[in-house]
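Visitor:
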Amino acid sequence: MSTDPVGVRRLPVERLDRTAFEPFGAVIAPETADSPNLNRAANNLGYLWVQKELEFPGRAYMCSLRYYYRGNRCEFVQKHPASTITLITLGMYPAAFVVVPDVDGRPDVDAARAFLLTGGTGVVINRGTWVRYAYPLGAYADFAYVTQRVDPATANTTDDVVRVNLDSELGFVFDLEFAPPADDDYQLGPSGAVVAGPPHNPPGE
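Last residue of the sequence shown: 204 (numbering that gives the first Met the number 0), numbering continuous.
#1: Residue 19 lies in the alpha helix (DSSP H); which residues open and close that run?
#2: Measure the Cβ-Cβ separation of residue 85 and residue 32 and say whether it is below 9 angstroms.
#3: Looking at residue 38 and residue 134, is the spacing between their C-beta atoms short of 9 angstroms?
#4: Which residues bound the beta strand (DSSP E) around residue 192?
#5: CB residue 55 to CB residue 83, shorter than 9 angstroms?
#6: Return the residue from the list 19, 45, 81 and 69 that minimises the CA-CA distance to residue 52.
#7: Along the chain, where does the beta strand (DSSP E) containing residue 57 start, and where does it finish?
#8: Output the residue ranges of the beta strand (DSSP E) runs that lie fully inside the segment 32-111 and measure 3 residues or longer, sorted by chain position.
#9: Taking residue 97 and residue 122 to be in contact with their CB atoms under 8 angstroms, please state how far apart those CB atoms are, rounded to whole angstroms.
#10: With distances taken from CA atoms, which of 47, 198 and 42 is nearest residue 35?
#11: In three-state terms, what does DSSP make of residue 169?
#12: Of the residues 174, 197, 79 and 28, which one's Cα is nearest the Cα of residue 158?
#13: Considering only the alpha carbon of each residue, which of 140, 30 and 58 lies closest to residue 45?
#14: Assuming residue 177 is part of the beta strand (DSSP E), what are its boundary residues?
#15: By the 10 Å Cβ neighbour count, where 16 or more other Cβ atoms means buried, how is residue 177 classified, buried or exposed?
#16: Just to confirm the assignment, what range does the beta strand (DSSP E) spanning residue 150 have?
Encoded structure:
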């Protein structure tokens with residue numbers, strides 16, 4: 000018999016890809032010389048790409064943020080109707096995060112997706128997108144974070160935030176699932192463990 004007090008929806012954690020993430024915002028990472036986001040390349044010794052405008056109703060602040068390991072279950076999502084969300088990984092410790100489209104002011108939970116942020120990469124999430132971050136794969140993960148919500152008394156209540164509790168309001172939680180990518184030729188054994196994968200060349204070969 001299951002001990003889960005609510006239903007569980009598996010949510011595969013995907014590799015962070017610009018095209019896949021585009022409905023939710025922009026990926027912050029170096030691009031190519033022919034990218035439409037290229038702003039300038041000074042004598043080919045430095046490149047600047049402009050990937051996303053930041054939006055805030057008030058003054059924004061550059062912050063540092065640390066999340067410690069907290070399992071892989073997501074019991075609520077929230078959105079910032081007037082603010083973008085910027086998360087840029089510091090260090091090499093990866094973490095997963097959840098994004099959900101907004102439909103008529105509510106999260107479209109059937110269209111939820113989870114992505115993996117790895118070292119040296121970041122995202123800017125569109126204002127109004129439902130989100131939950133971050134789920135470190137290890138002991139913790141650090142981020143650079145841009146926010147206007149600096150008053151502890153209002154940051155999680157009235158300061159441009161709306162929350163939906165998945166467990167109490169919708170009767171389920173998301174369970175973040177780290178599974179083989181669907182587009183790769185991985186084979187699973189009877190227990191569900193990965194037993195074989197596509198050919199790989201180790202570094203140096």
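Glycine residues also receive a C-beta, built at the ideal position from the N, C-alpha and C atoms.
Guide: Per the coordinate set shown:
#1: 17-20
#2: no
#3: no
#4: First-last for residue 192: undefined, no H or E at that position.
#5: yes
#6: 81
#7: Per DSSP, residue 57 belongs to no beta strand (DSSP E) and is neither H nor E.
#8: 37-40, 46-48, 60-67, 75-78, 84-89 and 94-99
#9: So it is not a contact: roughly 12 angstroms between Cβ atoms.
#10: 47
#11: helix
#12: 79
#13: 30
#14: Here residue 177 belongs to no beta strand (DSSP E), and DSSP marks it neither H nor E.
#15: exposed
#16: Per DSSP, residue 150 belongs to no beta strand (DSSP E) and is neither H nor E.
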